[in-house]
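In terms of the working numbering, the sequence shown opens at residue -4 and continues consecutively.
Written out below as structure tokens is the structure these notes cover.
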Amino acid sequence: MILRNLLEPVYEWYLTMQQMHVPRHVAIIQDGNRRFARQMGIDTARGHRAGADKTEEMLDWAHDLGISHITLYSFSTENFSRKQDEVSHLFALFKEKFMSVITDERVHRYKIRVQMVGDRQLLPPDLLVAVEAAEAATKDYDGFTLNIALAYGGRNEIVLVARDIVAGVQKGTINPGDIDVRMVEDHLYGGKGVPPVDLIIRTGNEYRTSNFLPWLANGHESAVYFCAPYWPLFRKIDLLRAIRIYDQRVQGKRNGNGSA
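Listed below in structure tokens is the structure:
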């Protein structure tokens, strides 16, 4: 452990010095808050708060590295099946964090645009008010975009787009013959202009993407990096390793191999 603690800063510096291609859009499945809590002998609510603190730290790393879009898988449609007290704690934490956006000095210094992706109809009214307040306070910022996936499900996002387009056809504002890939992408997330995903990161030693952003990630064949640390234990060196995987994929494509 002592040797590891000595070597990790050196390796982190080494990766930072590499001339790697930096992904524009990174999507993160923040897995392991509950398992971290069990490992540390603390309650689940404190585990989720530790994860939220790690998110703030990671955003500083991402900004410094030149990543311009981050999407965080924070609460899926399947998570509604969890115990009610855990869901209530999470919603209270989300509300707190969205409200803090309004006065967060870093948000305004970095010009971070904060927006939600997911099914807003599934959120409690007080959380939705906080989400919309954060979005309104940052809507004109273009330095960095943070997308929070709440009440999100990969299949559900396609259903919502289909409903939106069908409604347009019924109103006569959309010609069925004009429906194409571009139109579907324009209707994703209420037309928020979320770009294709370059890199997906999943923590917690799980090796699946859980149908996260299927259109923008799987449809664009994004690079994927799985790592062992639970989300509260995620390190900058883990982010750099993920970027290296993306860089290898880019290099492979440029060399005509199709993949790294």
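Even glycine gets a Cβ: it sits at the ideal position worked out from N, Cα and C.
Please read all numbers here as calculations on a predicted model, not as lab measurements.
Query, Result
"Run through the DSSP bridge pairs and tell me what His64 is partnered with.", "His20 and Thr140"
"May I ask you to list the residues that DSSP assigns as paired with Arg230?", "The partner list for Arg230 (beta bridge, DSSP) is empty, contrary to what the question assumes."
"Pick out whichever of Ile196, Asn200 and Leu122 has its Cα sitting closest to the Cα of Leu208.", "Ile196"
"Using CA atoms only, rank isn't needed, just tell me which of Ile174, Asp48 and Ile62 is closest to Pro190.", "Ile62"
"Alpha carbon to alpha carbon, how far is Arg249 from Val112?", "32 Å"
"Got a sec? Which residues, its chain only, sit under 6 Å from Ile65 by beta carbon, not counting five neighbours each side?", "Val21, Ala57 and Leu141"
"In terms of alpha-carbon separation, which member of Arg239, Pro119, Leu88 and Arg108 lies closest to Lys187?", "Arg108"
"Using a Cβ-Cβ cutoff of less than 6 Å, which residues in the same chain neighbour Phe221 once the five nearest sequence positions on both sides are dropped?", "Arg197 and Tyr202"
"Check whether the stretch 77 to 97 and the stretch 153 to 173 are in contact - that is, three or more C-beta pairs closer than 8 Å.", "no"
"For Met111, which of helix, strand or coil comes out of DSSP?", "strand"
"What first and last residue would you give for the alpha helix (DSSP H) that runs through Leu155?", "Gly149 to Lys166"
"Using 8 Å as the cut-off, can you tell me whether the stretch 174 to 181 makes contact with the stretch 90 to 105, which would need three or more C-beta pairs spanning the two stretches below that distance?", "no"
"With 16 as the cutoff for other CB atoms within 10 Å, does Ile143 come out buried or exposed?", "buried"
"With a threshold of 16 other CB atoms inside 10 Å of the CB of Ile238, please say whether the residue is buried or exposed.", "buried"
"For Ser254, which three-state DSSP category applies?", "Here the model assigns Ser254 a pLDDT of 47, short of 50, so the residue's position is not dependable, and the following value carries that caveat. In this structure, Ser254 counts as coil in the three-state DSSP scheme."
"Mapping DSSP to helix, strand and coil, what is Tyr105?", "helix"
"When you compare each of Glu73, Arg77 and Trp226 to Thr50 by their alpha carbons, which one comes out closest?", "Trp226"
"According to DSSP, simplified to helix, strand and coil, what is Phe70?", "strand"
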